[in-house]
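Enquirer:
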Amino acid sequence: MLDPFCGCGTAVHAAQKLERQWIGIDITHLAISLIEKRLRDAFPAVAFEVHGTPKDIEGATALAAADKYQFQWWAVSLVNAVPYGGKKKGADSGIDGFIYFKPDAKNTEKAIVSVKGGENVSVAMVRDLAHVIEREGAKVGVFITLAEPTGPMKVEAVKMGFYEMPLFGKVPRLQILTIADLFAGKKPEIPAIDPETFRKAARETTEQQPALPMVAQPAEPYRPSKRRRRT
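Shown next, in the form of structure tokens:
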């Protein structure tokens with residue numbers, strides 16, 4: 040099965056369930072990451088290869104240089120965040136994504152994600168994120184950068200202090216993560232991420248579903264309508 044516009048992965052999911060070979064293609068990195076998660080949730084033992092997404096710093100740098108929006112959406116997907124504005128290009132008010140979580144296992148709170156793919160980052164960018172956190176009433180901010188953060192940036196992040204979660208203790212209120220950190224498996228210190236951030240696909244059984252028989256329904260013969268002519 041080939042789906043050249045696989046979107047949310049419905050056709051790919053169905054093909055995997057029926058144990059068919061499949062290839063899915065999409066131009067957005069966010070769509071690919073969503074399909075990856077959907078397949079792994081539904082088929083824990085599934086094995087597949089993804090081509091075209093960054094696998095190292097060199098690939099991430101190339102993506103950032105080629106298309107900053109694709110880089111932002113890809114980076115946002117690495118932390119299971121929801122992209123701001125439904126993947127639309129344009130002004131983002133300092134927000135690239137949201138991570139929703141339940142610090143007390145009841146009430147939903149949000150963390151703001153800001154992504155920078157340039158070669159240089161500055162302390163002013165961290166201050167901008169701190170302002171956005173306050174403006175939006177968010178509990179935590181996550182600053183994702185391709186370049187290494189400077190010493191003043193780290194100091195500025197520390198100045199934001201900590202957010203104390205009732206069930207999980209204190210976490211830094213403004214967290215800086217590099218793409219290298221994310222490649223190494225590091226994640227934001229935000230426990231109990233709300234599963235509604237990306238709805239989890241129901242786990243499928245490994246048993247193949249039987250194909251339904253197809254029944255050809257003969258067409259009814261054509262019968263011209265009878266109309267009475269006026270005299």
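The opening residue of the sequence shown carries number 40 in the working numbering; numbering runs sequentially from there. Each residue gets a CB set at the ideal place from its N, CA and C atoms; glycine is no exception.
Please report the straight-line C-alpha distance between LEU206 and ASP143, rounded to a whole angstrom.
Expert: Roughly 6 Å between the two C-alpha positions.
Enquirer: Figure out for me which residue from VAL194, GLU195, SER161 and GLY200 has the closest Cα to the Cα of THR184.
Expert: Out of VAL194, GLU195, SER161 and GLY200, SER161 has the C-alpha closest to the C-alpha of THR184.
Enquirer: Is it buried or exposed for MET253, if we count other Cβ within 10 angstroms and need 16 for buried?
Expert: Confidence at MET253 is low in this model, with a pLDDT of 35, below 50, so its placement is unreliable and the value that follows should be read with caution. Per the 10 Å Cβ criterion, exposed.
Enquirer: Rounded to whole angstroms, what is the Cα-Cα separation between LYS178 and VAL197?
Expert: If I take the Cα positions, the gap works out to 15 Å.
Enquirer: For the beta strand (DSSP E) containing THR273, name the first residue and the last one.
Expert: Nothing about residue 273 can be reported from this structure: the residues present for the chain run from 40 to 270 only.
Enquirer: Please say whether GLU195 and VAL165 have beta carbons closer to each other than 8 Å?
Expert: Result yes, Cβ atoms of VAL165 and GLU195 sit closer than 8 Å.
Enquirer: Quick check: the Cα distance between LEU117 and ILE71, rounded to an integer number of angstroms?
Expert: Going from the Cα of LEU117 to the Cα of ILE71 covers about 12 Å.
Enquirer: If you count every other CB in all the chains shown that lies within 10 Å of the CB of ASN119, and 16 or more means buried, which is it?
Expert: Flag for ASN119 reads buried.
Enquirer: Compare the C-alpha of GLN111 against each of ASP220, GLY156, ALA84 and ILE96 and name the closest.
Expert: Ranking the options by Cα distance to GLN111, first place goes to GLY156.
Enquirer: Three or more C-beta pairs closer than 8 Å, one from the segment 137 to 152 and one from the segment 95 to 103: is that the case here?
Expert: Touching, no.
Enquirer: Taking C-alpha atoms, which residue in VAL51, MET199 and THR49 lies nearest to VAL181?
Expert: Residue MET199 is the option with its Cα nearest to VAL181.
Enquirer: Do you know offhand how far PRO227's Cα is from LEU216's?
Expert: Going from the Cα of PRO227 to the Cα of LEU216 covers about 8 Å.
Enquirer: Counting C-beta neighbours from all protein chains within 10 Å, is the total for LEU69 16 or more, i.e. buried, or is it exposed?
Expert: Label assigned to LEU69: buried.
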